[in-house]
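S.K.: Quick note on my numbering: the sequence shown kicks off at 1245 and runs consecutively.
The structure that follows is given in the form of structure tokens.
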Amino acid sequence: MTNRNAVRACAVALVAGLGVSAAHADLSTDVFTLNATVGGQSGSYVASIDDGYFDDEGNFYWTLEAAVEIYSDNGLMLATLSTASLIVIADPIISMNFNVQASSQNTIFSVTSGLLSFPEISNPIGRASAGVSVTDLNGDGATLSPDGGSMYVSEYNGDYPNGTPFADLLSNPLSVGAFQSDSD
């Protein structure tokens, strides 16, 4: 049996030549959202802006304090969010990291960062990067594959899928055999 785990991460990673202060109102209320779906049943975890903090320079920090199990409304355990963090640097950069573990069934994940709003920047420089790894923990192999065109989508001028596409990364499946790991 192959466990197909699809991860779709949405984040913005823009590096600008000008410093722009990111005020509290410039970051959306929901800063991190994980949705998990197994066999048509879904559950989610949402971190809000109140779960993190701003430093004196307008940078925002949020870290998941403890692992969270994600359940459907019917009580089915769908996944575990083991670790997660979000850093928003005020010039504007978003850095998001997370570690999810699927149940023993095919699981579709959608992970979204908050929306960072900032004034128009003359001659901006943008960059997006993403990395993933897959590990089989129960001996039946595992596959991490996109649920669509790619596992990572970066957009600006709006939330996914209504923003302007910037980068689509990690479009190839990543498969491992029993008790193996691999990364891309």
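No residue lacks a Cβ here, since even glycine has one placed at the ideal position from N, Cα and C.
The model shown is predicted, which means the values in this text are computed figures rather than measured ones.
Does Gly-1319 come out as helix, strand or coil in the three-state DSSP assignment?
M.R.: Note: Gly-1319 maps to coil in three-state DSSP.
S.K.: Got a sec? Which residues, its chain only, sit under 6 Å from Phe-1423 by beta carbon, not counting five neighbours each side?
M.R.: Result list for Phe-1423: Asp-1380, Gly-1383, in chain order.
S.K.: If you measure between the beta carbons of Leu-1435 and Leu-1278, is that distance less than 9 Å?
M.R.: The structure shown has nothing for residue 1435, since the chain only spans 1245 to 1428.
S.K.: What three-state label does DSSP hand Ser-1265 in the structure shown?
M.R.: Confidence is the limiting factor: at Ser-1265 the pLDDT is only 38, short of 50, which leaves the residue's position unreliable and the question unanswerable from this model.
S.K.: Rounding to the nearest angstrom, what Cα-Cα distance links Ser-1394 and Met-1340 in this structure?
M.R.: Taking the straight line joining both Cα atoms gives about 17 Å.
S.K.: Rounded to the nearest angstrom, what separates Ser-1286 and Ser-1316 at their Cα positions?
M.R.: Their Cα atoms are separated by approximately 5 Å.
S.K.: What is the rounded straight-line gap between the Cα of Ser-1348 and the Cα of Gly-1421?
M.R.: So the alpha carbons of these two residues sit roughly 15 Å apart.
S.K.: How big is the Cα-Cα spacing for Leu-1308 and Asp-1270?
M.R.: Spanning the two alpha carbons is a distance of roughly 22 Å.
S.K.: Where Asp-1428 and Ala-1280 are concerned, what is the direct C-alpha to C-alpha distance, given to the nearest angstrom?
M.R.: The straight-line gap from Cα to Cα measures roughly 22 Å.
S.K.: Using 9 Å as the threshold, is the C-beta distance between Ser-1389 and Ala-1372 below it?
M.R.: No, these two residues do not count as a Cβ contact at 9 Å.
S.K.: Output the distance between the C-alpha atoms of Ile-1314 and Ser-1366, rounded to the nearest integer angstrom.
M.R.: For Ile-1314 and Ser-1366, the distance between alpha carbons rounds to 42 Å.
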